[in-house]
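As they're listed, the protein sequences go chains U and S.
Heads up, the first sequence is in our numbering, so the first residue is 68 and it goes up one at a time.
Heads up, the second sequence is in our numbering, so the first residue is 45 and it goes up one at a time.
From the three backbone atoms N, C-alpha and C, an ideal C-beta is built for every residue, glycine too.
Notes follow the structure.
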Amino acid sequence: MIGPGILEYEFFQNALLAGLFASISCGIIGSYVVVKRMVSISGGISHAAFGGVGLGYLFGVDPLAGAFGFTTVVALGIGVLKEKAGQNLDTLVAAVWAAGMAVGIICIGLAPGYAPDLFSYLFGNILLVPRSDIVMMAVLCGVVIFVVAVLYTQLQAVTFDEEYARVMNLPVTWLSLLLLVLVAITVVMLIRVVGIILVIALLTLPAATARGFAKTLLSMMAVSVFLGLVFSLGGLWLSYLLDIPSGATIILFATAGYVISLPFSRIAAG
Amino acid sequence: MIPAIEVKDVSFGKNGALILDRVSLSVMEGDMYALIGPNGGGKTTLLRIILGLIPARTGTVTIYGRDPREGRQMVGYVPQFRTFDFRYPITVKEMVLSGRLSHTRGVLRRYREEDYATTREVLKRLDLTGLMDRTLSHLSGGEQQRAILARALAGNPRVLILDEPTVYVDTPTAFEFFDILEDLKRSMTILLVSHDIGVISRHVTKVACLNHTLHTHNTPEITEDMIAATYHCPVDIIAHGLPHRVFGDHAEKEGQ
Chain U
68 MIGPGILEYE FFQNALLAGL FASISCGIIG SYVVVKRMVS ISGGISHAAF
118 GGVGLGYLFG VDPLAGAFGF TTVVALGIGV LKEKAGQNLD TLVAAVWAAG
168 MAVGIICIGL APGYAPDLFS YLFGNILLVP RSDIVMMAVL CGVVIFVVAV
218 LYTQLQAVTF DEEYARVMNL PVTWLSLLLL VLVAITVVML IRVVGIILVI
268 ALLTLPAATA RGFAKTLLSM MAVSVFLGLV FSLGGLWLSY LLDIPSGATI
318 ILFATAGYVI SLPFSRIAAG
Chain S
45 MIPAIEVKDV SFGKNGALIL DRVSLSVMEG DMYALIGPNG GGKTTLLRII
95 LGLIPARTGT VTIYGRDPRE GRQMVGYVPQ FRTFDFRYPI TVKEMVLSGR
145 LSHTRGVLRR YREEDYATTR EVLKRLDLTG LMDRTLSHLS GGEQQRAILA
195 RALAGNPRVL ILDEPTVYVD TPTAFEFFDI LEDLKRSMTI LLVSHDIGVI
245 SRHVTKVACL NHTLHTHNTP EITEDMIAAT YHCPVDIIAH GLPHRVFGDH
295 AEKEGQ
């Protein structure tokens, strides 16, 4: 068992804080991703983040900073093309998904030396999050909460019925792009916790589980944040007990939670 | 008098196919204007052009003399049923309140007391007060339809535009819905797209048939030549062998 003594270790405090900030932002933004059916777009954005990590290595920038810049550009690019591409969005997402990863692989190949913590970007390690990244996560989490608090009703209108929001002359295009940027921010925050490959699960599973028990978007977000905490801290504890990788354990724990919740959901599955 | 909605020579094409061919119509204030026609005939496309959601290739649309993107502030829109996700976690009250966003201002678009007051009135008017804390997914089809109408009415529209409002509800519910519209007709102009010729017949003031081109006599009668021009099939099949009498016949049955 983890004794109370472990809380005194900085790495463990950092892991708890990382879990907290990740749960808050993925609970909030993940709720939009689920209700607006942006799961595949978010998957594309998160995998493209690997390109940013690679660019970071190549140009000697912090890989997470590289990922932040790159995913934001990719998210905006998808948003702009989405307006024009129509039903080809699926293909577009697949292209961004693969091309982003390919950029990352080439950059890392070109970068001098060996990329020591590459594995942790791909699969995450909540126990290895440095203090500087915790500060960045706290700031990004604050940005997400602020933006959503200020624009809650408008984002609700746009994600519920985009066409009606346009008829009411809300700035739908801007709000949609903003939502994609918020997804990009959240993805970058989650990379440290579960890694690029698994980000999409932590972004969607708590929200998808919460949806079955929530009457309003706000309550869905609250339940989702709570579930995110349970999944990430519970998964961390399990991984410690069983001595297995933390990111993957968190995801499997979240998946189990989602599946178990389905029969109790107040909305029909599908 | 300025028409509530004026469509002049509007054409629209997609992927090389002409969907609307020089369509013109005028909806005057106080009209209940019905647009009927086969699937794929361009009805929804025409509504989307009127609402400024897509641009016409040629021709102009005005709402009370203004460009659609400005004039649509005066429009309440009831979109085709099930065009949005009914499992969205939103209560009836939240949904109806969101219809007030067209009246909010600034970047934040905060609701004011009058927005809440109007929402309460509309909920009461459509008999939704008891259901206002329910989620949309926990309503019957007819209740969902009233909730969508309530959102449109929350904006205090001068014009109400409805796209196939009764297509997914049963016939008694459809009749109830049209009774509500009959009541609304006194205070606003209504433009309505429908398949349901039988139900709309006794309510409308003007009817037009749209199948790429538009045919109307600006009267509530659907005549043989309109049907023939629109559906391109023998009139007696449509009219159950009673050309000209189809409307009157149905109206009598409904009255009983």
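Query: Assigned secondary structure, Cys277 of chain S (DSSP; H/G/I helix, E/B strand, else coil); Result: Reliability fails at Cys277 of chain S, whose pLDDT of 45 lies under 50, so the model's placement of it is uncertain and the value that follows must be treated cautiously. Looking at Cys277 of chain S - three-state DSSP - the assignment turns out to be coil, as it is neither helix nor strand.
Query: Short CB-CB distance (under 8 Å) between Asp184 of chain U and chain S; Result: no
Query: 8 Å Cβ cutoff met for Phe293 of chain U and Gly324 of chain U; Result: no
Query: Environment of Ala198 of chain S [buried if 16+ CB atoms lie within 10 Å]; Result: buried
Query: Buried or exposed (CB count within 10 angstroms, at least 16 for buried), Ile73 of chain U; Result: exposed
Query: Residue of U:Ala162, U:Leu189, U:Met168 and U:Ala289 minimising C-alpha distance to Ile263 of chain U; Result: U:Leu189
Query: Inter-residue spacing [alpha-carbon to alpha-carbon] between Thr139 of chain U and Ile317 of chain U; Result: 26 Å
Query: Val196 of chain U in three-state terms, based on DSSP; Result: coil
Query: Proximal residues of chain S, C-beta to C-beta of Arg233 of chain U below 7 Å; Result: Leu97
Query: Interface positions of the stretch 254-288 of chain U facing chain S (Cβ-Cβ less than 7 Å), listed along the chain; Result: Arg278, Ala281, Lys282, Thr283, Leu284 and Met287
Query: Cutoff 8 Å: Thr249 of chain S Cβ touching any chain U Cβ; Result: no
Query: Cα-Cα separation, Asp157 of chain U to His247 of chain S; Result: 44 Å
Query: Arg278 of chain U, buried or exposed, once every other Cβ within 10 Å from all chains shown has been counted against 16; Result: buried
Query: Assigned secondary structure, Asn155 of chain U (DSSP; H/G/I helix, E/B strand, else coil); Result: helix
Query: Per-residue contacts from Val119 of chain S into chain U (C-beta, under 8 Å); Result: Val234
Query: Which listed residue (U:Ala232, U:Leu87 and U:Leu195) has its alpha carbon closest to that of Tyr76 of chain U; Result: U:Leu195
Query: Residues that Asn255 of chain S bridges to, as DSSP identifies them; Result: S:Thr257
Query: Proximity below 8 Å, CB of Met256 of chain U to CB of Phe88 of chain U; Result: yes
Query: Cβ neighbour criterion (16 or more within 10 Å) applied to Trp164 of chain U; Result: buried
Query: Glu165 of chain S at chain U interface by Cβ criterion, 8 Å; Result: no
Query: Anticipated Cβ contact below 8 Å, Thr24 of chain S with Ala48 of chain S, distance rounded; Result: Residue 24 of chain S is absent from the model: chain S starts at 45 and stops at 300.
Query: Proximity below 8 Å, CB of Val51 of chain S to CB of Val140 of chain S; Result: no
Query: Which of helix, strand or coil DSSP assigns to Leu204 of chain S; Result: strand
Query: Any alpha helix (DSSP H) of 4 or more consecutive residues that is wholly inside the stretch 94-147 of chain S; Result: 112-115 and 136-142
Query: Residue closest to Ala268 of chain U, alpha-carbon to alpha-carbon, out of U:Val326, U:Pro130 and U:Ala321; Result: U:Ala321
Query: Ordered list of beta strand (DSSP E) runs contained in the stretch 161-246 of chain U, each at least 3 residues; Result: none
Query: Val128 of chain U versus Val141 of chain U: straight-line alpha-carbon distance, rounded; Result: 18 Å
Query: Cα-Cα separation, Gly85 of chain S to Val100 of chain U; Result: 35 Å
Query: Interface residues of the stretch 131-148 of chain S facing chain C [CB-CB below 7 Å]; Result: Among the protein chains of the structure shown, namely U and S, there is no chain C.
Query: Close Cβ partners of Val122 of chain S (< 6 Å) along its chain, the five nearest in sequence each way excluded; Result: Ile192, Leu193, Ala196, Leu206 and Pro209
Query: Interface positions of the stretch 213-231 of chain U facing chain S (Cβ-Cβ less than 9 Å), listed along the chain; Result: Val217, Leu218, Thr220, Gln221, Gln223, Ala224, Thr226, Phe227, Asp228, Glu229, Glu230 and Tyr231
Query: Start-to-end residues for the beta strand (DSSP E) that takes in Ala281 of chain U; Result: Note, Ala281 of chain U: premise wrong, no beta strand (DSSP E); not H, not E.
Query: Cross-chain neighbours of Leu152 of chain S in chain U, by beta carbon under 7 Å; Result: Val217
Query: Ser291 of chain U versus Ser90 of chain U: straight-line alpha-carbon distance, rounded; Result: 8 Å
Query: Ser8 of chain S classed as buried or exposed, judged by whether at least 16 other C-beta atoms fall within 10 angstroms; Result: Only positions 45 to 300 of chain S appear in this structure, which leaves residue 8 of chain S out of reach.
Query: Local Cβ density within 10 Å of Asn255 of chain S, reported as buried at 16 or more and exposed below that; Result: buried
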